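Peer 1:
2 protein chains.
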Amino acid sequence: MKQLLLIPLGSFVLHQAQAQSPIRQVDPVNFSQVQITDSFWKPKLEKVATVTIPVCIEQSEVKTRRIDNFERAARKKGEKHEGMYYDDSDVYKALEAIAYSLKNHPDPAVEKKADEWIDKIAAAQEPDGYLNTYYTLTGLDKRWTDMEKHEDYCAGHLIEAAIAYYNTTGKRKLLDVAIRFTDHIDRQFRIPNKPWVTGHQEIELALVKLYRTTQDKKYLLLADWLLQQRGHGHGVGKIWDDWKSPQYCQDDLPVADQREIKGHAVRAMYLYTGIADVAAVNNNPAYLPAMKSIWEDVVYRNMYITGGIGSSAHNEGFTTDYDLPNETAYCETCASVGMVFWNQRMNLLTGDAKYMDVLERSLYNGALDGLSLSGNRFFYANPLASHGKYGRSEWFGTACCPSNISRLIASLGDYIYAKTDDAVWVNLFVGSNTTIPLKKGTIKISQETKYPWDGNVTIRVSPDRKTKHKLMVRIPGWAQDEPVPGETYFYLRSAKTNFTLTVNGQPADYTMQHGYAAIDRVWKKGDVVQLDLPMEVRRVAASDSVKADKNRVALQRGPLVYCVEHPDNNGKVSNILLTDDLQFSTSFDPSLLNGVVKVQCEAPVVKAGADGISIQTVKEKITAIPYYAWANRGEGEMQVWMLRKLSNVVLQ
Amino acid sequence: MKQLLLIPLGSFVLHQAQAQSPIRQVDPVNFSQVQITDSFWKPKLEKVATVTIPVCIEQSEVKTRRIDNFERAARKKGEKHEGMYYDDSDVYKALEAIAYSLKNHPDPAVEKKADEWIDKIAAAQEPDGYLNTYYTLTGLDKRWTDMEKHEDYCAGHLIEAAIAYYNTTGKRKLLDVAIRFTDHIDRQFRIPNKPWVTGHQEIELALVKLYRTTQDKKYLLLADWLLQQRGHGHGVGKIWDDWKSPQYCQDDLPVADQREIKGHAVRAMYLYTGIADVAAVNNNPAYLPAMKSIWEDVVYRNMYITGGIGSSAHNEGFTTDYDLPNETAYCETCASVGMVFWNQRMNLLTGDAKYMDVLERSLYNGALDGLSLSGNRFFYANPLASHGKYGRSEWFGTACCPSNISRLIASLGDYIYAKTDDAVWVNLFVGSNTTIPLKKGTIKISQETKYPWDGNVTIRVSPDRKTKHKLMVRIPGWAQDEPVPGETYFYLRSAKTNFTLTVNGQPADYTMQHGYAAIDRVWKKGDVVQLDLPMEVRRVAASDSVKADKNRVALQRGPLVYCVEHPDNNGKVSNILLTDDLQFSTSFDPSLLNGVVKVQCEAPVVKAGADGISIQTVKEKITAIPYYAWANRGEGEMQVWMLRKLSNVVLQ
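Protein sequence lines correspond, in order, to chains Z and X.
Okay, so the first sequence: first residue is 1 according to our numbering, each after it adds one.
Okay, so the second sequence: first residue is 1 according to our numbering, each after it adds one.
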């Protein structure tokens, strides 16, 4: 994560990190440098700022009173801890979301609230730097005895919140708290080399952020030390009880020896993000093959078409290859958020657009689905079908998802652009602008687009002086008939690869490089690049290995996966056939679900007669909506994967 | 349990117990006094003797090697325990089944095998009487520290096996072992009054059997002492981890204060059998209201039409009232066996036939379903619907069910007859004969019947001399339009209550007393009573409170619940409508499923066209079979509750 601030900080200096490793190909452009103007995303960022973050604040202060634990810990009067042992992390994640949001949506009242919280958090810190209200209130003698108790996980979220808040506001009080706690952990484990396996990974990726923020190498060393702890039988504690085994938190093998995805999905995503982060700096040659193999195992055999992962609620994670049931799909919101993190890191490591394709899929579908259009209702699980008994919640006992989706949306600016010495990379198509310093000069870049509703993207490139450099424009895999790299999903009928790219109105001279159209030319102020992506409705089928999708088809348009939902289809969708001959029409409907492109067709629908005995197939107009927008109009039937022809009829 | 043997036994005497309590109304007639000649049941007892028991022996000795633990424990050479900590109980239950079976099917080789096992069990006993191979092999210092470890449960099954083997063979070696272990438990807990809550109840009912066998009152006192331990917060140990709470094993309230059914179904059944057993002797006035209230909660609101209980696999037990899903019904075989035990005790306590109605329902449906027709395949769960992915198993890791259904079938003789001072009670209609001593003389009684295929039962009553006494003939609730007492299930169209009862060809002079036709007359040798029960097909509906059965109908004929299964209906049953206008025909088919009465009708069936789009309802001949006989011809669809008219169509 890049910093543009230069502030003295004790014995070291915060500065814009320039560390380039032999592995790391690309550097991201930080959210704090990106202005978002997009017609699709800006309202969502506003909703997070004006609705979701106030909900997180109200939950933290009034309804679930998670702030109280910090106050009680600070008073040191032997009061009780309330809630779960990991609840501190919800406060940190809410703070992190606030930090990102303040960049896009300055709000003095919210900033004041954040400062108040930070004072309370700082007051709860122990003299030795330790900070965890659960153990401060239940007995510090038991701290660091149970890997499952999320002490390090909470520390990781504290670090991330502190860095984000520092990046937006320049205020470093929370950063100092985080540094003191991290130094405590370093003294507790790495320096004496006392084994410790993080029960719920998270701190590893946070430590690399802290290294990049402070340039203090010990945080990188601690991150890597924690990674190296895994897979040697050090992991013990409550987590191994009952059905939880070492593979539940990816502790069954040393990380460099891991080749398959296993266990708890969010833990896995955070771990692999941390590994990719460490590899980007220390160039450990063993990490990249592990990452690539596990990534293929996830994306080729264990990912839903929505980019969601972790099919089972039982272990909140992975089961067997191709076991992707739709109605019971767990697909935790946090796991899709984790897919965004990990795939960004893999893209930065390799410069390959296939990781951005997956990031975009998880972002626009599996993750975005986690937040209601109203901004105040949430999904923990994001199934791909419902018989009508599933709806959004106001909050959760374990409330990781609401603040996680909030911080992801608020930090969207982190994922749009990237840079190398001589190139600007456009990864996501989001109306926005930024200024990127390359070796030879500074480039202003902006995008205007109605994406994902429309495939036209106008990219304006304005260098401060005429310079030769590359513009790397990601051409999504779906625009090249590669919906997802791998074996699981494929287009039923090949769409013509008909994206077009022009520079100042003339066909662009480009070469394709790992999924990017690389335009290598001398750029001058006011240059305009036009990208036009093919936005026809694509019919997607799944490999025969995915039993749940047998004889079924899903619809995708651009990056969006579609679904059919009850309110648009006479209250019922499980009686619809999407036969292979259907013709689809599309139109933007500004009154539907805050404005979406809907997909329609005349499809065969099975209807029972009023006599309760007769039955027939009739043609009816069917409407499909973007998957992310379902469950905003009450509970009812929804399906992503629709039958192609009648096979089995079950009467209910 | 009555004993007819008179054998000196140390300081006390085994004799025919005459203890009559103010509560207990009726005494059972012991299996060892009953010869079974029935055309329905005798082949099943033979199958258990010739197939199931050899399977249990092979599993115990060769496949799961549960006998080895006893040998290792006897050697005391520090060898390892293998398997689960409760595996001793499977050996004891197999022995108990052998004991009952030897009565009906003498087999010197099997008896020799049992004697060998008994020698090994006796050799594994500790000098202080303690007997549990798990703790002997893993460390006796930890015995009696964890209520979940089933030490008392295993003791209970040891006691039951010992008594059964003694009753059949007169051999008392195992009984002596059981007595020594029981005395150890009594010294360990009751005498010092040291709190102990049985984690899996079972020993309580076994202790009452031991009291009735030995007439030593301390065993009754120990049983009641254990009951009184519950509900005072004494229960601790692993069992309270995670999702298991005190109510899981009915330890949330003192037993006399309990009014609702909760928790693990088998634990509950064994507990309530034990309470009813103790109440029958000690006349604790607080126990009967608890029993009656809980029984109503089970039968009125938490029992399947098959007599199965415990709808959830999660806790192997009860959830909320009327939560009775069909496909995911757990209905453990052992829980139906437990329903037979408990309802027998309730019937003996009260003399009310409604308990026998439930016993018969559980016996002929939920329990009998647990054993394949071949005798060597088993069900642990007995669902009421299958989409085709459920089949019988050869054995289970936790193998409670196979030996439990074996011992139940082999001990059928325990449930047919009962007696009071001046009456003989006929509870089940099973071809059989016995001799019952009443106060005024001895009565020979026999039954001849093709029940449950036919409603005619010939009862021959032959007193040794002319005497006036009562013959109490149970008239099943279903024969009086009361399929189950209570709120859950009811007949859609009232069947005429047209049972007939004659004595020597003349209409009998009887009064109805709590579900029994009481014929009070002077009986003489050769008297013949004819009962004719109405056997038409009954359509049963469920209360609206049972959501899973909404708009559905089940078929029942006599005591048998029917189902439709794939092999009889073109491979598919979830597309059938059992509309209200259907006419049913019945016929005995000797070639079907070892001979059953099948129920047939012309019913509407929904069929998809070959084009994969069109669909229509056609009339087809549908065949229903007794529920207990399903899953003997491969995996496929099965349903007990059939749709009455089309409501929801789900395409798959």
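C-beta atoms are modelled at their ideal positions from N, C-alpha and C, and glycine is treated no differently.
Bear in mind that the values here come from a model prediction, so they are computed numbers and not experimental data.
1. Let me know the secondary structure DSSP gives Thr654 (chain Z) once reduced to three states.
2. Regarding Asn433 (chain X) and the ligand PLP, is the C-beta to nearest heavy atom distance less than 8 Å?
3. What's the gap between the Cα of Ile67 (chain X) and the Cα of Ser336 (chain Z)?
4. Just the C-alpha distance for Ile185 (chain X) and Tyr130 (chain X), rounded to the nearest angstrom, thanks.
5. State yes or no: is the C-beta of Asp532 (chain X) within less than 9 Å of the C-beta of Leu501 (chain X)?
6. Of all the CB atoms in chain X, is at least one closer than 9 Å to the CB of Ala268 (chain Z)?
7. Rounded to whole angstroms, how far is the Cβ of Ile36 (chain X) from the Cβ of Ala97 (chain X), which I believe are closer than 8 Å?
8. Residue range of the alpha helix (DSSP H) that Ser647 (chain X) falls in?
9. CA-CA distance, Gln33 (chain X) and Glu160 (chain X)?
10. Identify the contact partners of Val142 (chain Z) in chain X, using a Cβ-Cβ distance below 7 Å as the criterion.
11. Give me, in chain order, the residues of the same chain whose beta-carbon lies closer than 7 Å to that of Gly391 (chain X); leave out the 5 immediate sequence neighbours on both sides.
12. Distance, Cα to Cα, Asp128 (chain Z) vs Gly338 (chain X)?
13. Using a C-beta cutoff of 9 Å, does Thr617 (chain Z) count as contacting chain X?
14. Just the chain Z side, please: which residues come within less than 9 Å of Ser32 (chain X) by C-beta, in chain order?
15. Which residues in chain X have a C-beta closer than 7 Å to the C-beta of Ser312 (chain Z)? List them in chain order.
16. Kindly say whether Asp544 (chain Z), judged by its beta-carbon, lies nearer than 9 Å to any beta-carbon of chain X.
17. Between Thr579 (chain X) and chain Z, is any beta-carbon pair separated by less than 9 Å?
18. For Asp242 (chain X), which of helix, strand or coil comes out of DSSP?
19. Can you give the Cα-Cα distance for Asp242 (chain X) and Ser311 (chain X), rounded to whole angstroms?
20. Using a Cβ cut-off of 8 Å, pull out every chain X residue sitting near Gln652 (chain Z), in sequence order please.
21. Mind pulling the chain X residues with CB within less than 7 Å of Ser39 (chain Z)?
22. Would you say Ser336 (chain Z) reaches chain X, if we count a Cβ-Cβ gap shorter than 9 Å as a contact?
23. Going along the chain, which unbroken runs of the alpha helix (DSSP H) with 4 or more residues stay wholly within the segment 122-159 of chain Z?
24. Against chain Z, does Val606 (chain X) count as a neighbour if the rule is that its beta carbon must be under 9 Å from one of theirs?
25. Can you give me the C-alpha to C-alpha distance between Gln125 (chain Z) and Ala74 (chain Z), rounded to a whole angstrom?
26. Using a C-beta to C-beta distance shorter than 7 Å, which residues of chain Z count as neighbours of Gly139 (chain X)?
27. Specify, as a first and last residue, the run of the alpha helix (DSSP H) that Pro559 (chain Z) falls within.
28. Are there three or more Cβ pairs, one per stretch, closer than 8 Å when the segment 615-622 of chain X is compared with the segment 540-552 of chain X?
29. The beta strand (DSSP E) spanning Pro653 (chain Z) covers which residue range?
30. Could you check if Lys621 (chain Z) is buried or exposed, using at least 16 other CB atoms within 10 Å of its CB as the buried criterion?
31. Please confirm whether Gly391 (chain X) has its beta-carbon closer than 9 Å to some beta-carbon of chain Z.
32. Starting from Met535 (chain X), trace the beta strand (DSSP E) both ways and give me its first and last residue.
33. For Pro28 (chain Z), name the three-state secondary structure that DSSP assigns.
34. Got a sec? Which residues, its chain only, sit under 7 Å from Thr398 (chain Z) by beta carbon, not counting five neighbours each side?
35. Determine the chain Z residues that contact Asn575 (chain X) at a beta-carbon separation under 7 Å, and present them in chain order.
36. Our contact map puts Thr420 (chain Z) next to Gly441 (chain Z) with C-beta atoms below 8 Å; I'd like the distance itself, whole angstroms only.
Peer 2: Taking the geometry as given:
1. Any answer about residue 654 (chain Z) is impossible in this case: the structure gives chain Z only from 1 up to 652.
2. Questions concerning the ligand PLP fall outside what the structure shown contains, since it holds no ligand whatsoever.
3. Counted from its first residue, the second sequence places residue 67 (chain X) at position 67. Counted from its first residue, the first sequence places residue 336 (chain Z) at position 336. If you draw a straight line from the Cα of Ile67 (chain X) to the Cα of Ser336 (chain Z), it is about 51 Å long.
4. As a working mapping, residue 185 (chain X) is identified with position 185 in the second sequence. As a working mapping, residue 130 (chain X) is identified with position 130 in the second sequence. Whole-angstrom Cα-Cα distance: 8 Å.
5. Along the second sequence, read from residue 1 onward, the residue named residue 532 (chain X) stands at position 532. Along the second sequence, read from residue 1 onward, the residue named residue 501 (chain X) stands at position 501. Their beta carbons are under 9 Å apart, which means Asp532 (chain X) touches Leu501 (chain X) by this criterion.
6. Stepping through the first sequence from its first residue, residue 268 (chain Z) is reached at position 268. Ala268 (chain Z) does not count as touching chain X.
7. As a first step, residue 36 (chain X) must be located in the second sequence, where it is residue number 36. As a first step, residue 97 (chain X) must be located in the second sequence, where it is residue number 97. Not really, about 15 Å apart at Cβ, beyond 8 Å.
8. Reading the second sequence from its first residue, position 647 is the one you call residue 647 (chain X). Careful: Ser647 (chain X) lies outside any alpha helix (DSSP H) and carries neither H nor E.
9. As a first step, residue 33 (chain X) is located in the second sequence; it is residue number 33 there, counting from the start. As a first step, residue 160 (chain X) is located in the second sequence; it is residue number 160 there, counting from the start. Cα atoms of Gln33 (chain X) and Glu160 (chain X): separation of roughly 18 Å, rounded to the nearest angstrom.
10. Translated into positions along the first sequence, residue 142 (chain Z) becomes position 142. What sits at residue 142 (chain Z) in the sequence shown is Lys, not Val. What Lys142 (chain Z) touches in chain X: nothing, since even the nearest Cβ is about 18 Å away.
11. As a working mapping, residue 391 (chain X) is identified with position 391 in the second sequence. Result list for Gly391 (chain X): Ala631 and Glu635, in chain order.
12. Residue 128 (chain Z) sits at position 128 when you count from the first residue of the first sequence. Residue 338 (chain X) sits at position 338 when you count from the first residue of the second sequence. Separation of Asp128 (chain Z) and Gly338 (chain X) (C-alpha to C-alpha, rounded to the nearest whole angstrom) is 59 Å.
13. Position 617 of the first sequence holds residue 617 (chain Z). So, interface residue.
14. For the purposes of this step, residue 32 (chain X) is taken as residue 32 along the second sequence, with counting starting at 1. Correct list: empty, because the minimum Cβ distance to chain Z is about 44 Å.
15. Here the question's residue 312 (chain Z) lines up with position 312 in the first sequence. In chain X, no part has a C-beta under 7 Å from the C-beta of Ser312 (chain Z); the shortest such distance is about 15 Å.
16. Taking the first residue of the first sequence as position 1, residue 544 (chain Z) is located at position 544. So no, Asp544 (chain Z) is outside the interface.
17. To locate residue 579 (chain X), count along the second sequence from 1; it is residue 579. Interface residue, yes.
18. Working through the second sequence from its first residue, we reach residue 242 (chain X) at position 242. Bear in mind that the predicted position of Asp242 (chain X) carries a pLDDT of just 49, short of 50, making it too unreliable to give a figure here.
19. In the second sequence, counting from the first residue as 1, residue 242 (chain X) sits at position 242. In the second sequence, counting from the first residue as 1, residue 311 (chain X) sits at position 311. Its pLDDT being 49, under 50, Asp242 (chain X) is placed unreliably by the model, and nothing is read from it.
20. On the first sequence, residue 652 (chain Z) is found 652 positions in, with the first residue counted as 1. Result: Leu643, Ser647, Asn648, Val649 and Val650.
21. As a first step, residue 39 (chain Z) is located in the first sequence; it is residue number 39 there, counting from the start. For a Cβ distance threshold of 7 Å, nothing in chain X lies close to Ser39 (chain Z): the least Cβ distance comes to about 38 Å.
22. In the first sequence, residue 336 (chain Z) corresponds to position 336, counting from 1. No, its Cβ sits nowhere closer than 9 Å to a Cβ of chain X.
23. List check, alpha helix (DSSP H) in window: 133-138.
24. Within the second sequence, the letter at position 606 stands for residue 606 (chain X). Yes, Val606 (chain X) counts as interfacial toward chain Z.
25. As a working note, residue 125 (chain Z) is residue 125 in the first sequence. As a working note, residue 74 (chain Z) is residue 74 in the first sequence. Taken atom to atom, the span from the alpha-carbon of Gln125 (chain Z) to that of Ala74 (chain Z) is near 7 Å.
26. As a first step, residue 139 (chain X) is located in the second sequence; it is residue number 139 there, counting from the start. Under the 7 Å cutoff, chain Z gives no residues; its nearest Cβ is about 20 Å from Gly139 (chain X).
27. To locate residue 559 (chain Z), count along the first sequence from 1; it is residue 559. Taken as a continuous stretch (DSSP letters only), Pro559 (chain Z) belongs to no alpha helix (DSSP H), as it is neither H nor E.
28. No, the segment 615-622 of chain X does not touch the segment 540-552 of chain X.
29. Beyond the ends of chain Z as shown, which are 1 and 652, falls residue 653 (chain Z); an answer cannot be given.
30. For the purposes of this step, residue 621 (chain Z) is taken as residue 621 along the first sequence, with counting starting at 1. So Lys621 (chain Z) ends up on the exposed side.
31. Position 391 of the second sequence, counted from the first residue, corresponds to residue 391 (chain X). The beta carbon of Gly391 (chain X) does not come within 9 Å of any beta carbon belonging to chain Z, so the residue lies off that interface.
32. In the second sequence, counting from the first residue as 1, residue 535 (chain X) sits at position 535. No beta strand (DSSP E) contains Met535 (chain X), which DSSP labels as neither H nor E.
33. On the first sequence, position 28 is the one that residue 28 (chain Z) refers to. DSSP places Pro28 (chain Z) in strand when its eight states are reduced to three.
34. Indexing the first sequence from 1 puts residue 398 (chain Z) at position 398. Hits under 7 Å: Met84.
35. Residue numbering aside, residue 575 (chain X) sits at position 575 when the second sequence is read from its first letter. Under the 7 Å cutoff, chain Z gives Val649 and Leu651.
36. Residue 420 (chain Z) sits at position 420 when you count from the first residue of the first sequence. Residue 441 (chain Z) sits at position 441 when you count from the first residue of the first sequence. Contact annotation, Thr420 (chain Z) with Gly441 (chain Z): C-beta distance approximately 14 Å; criterion of less than 8 Å not satisfied.
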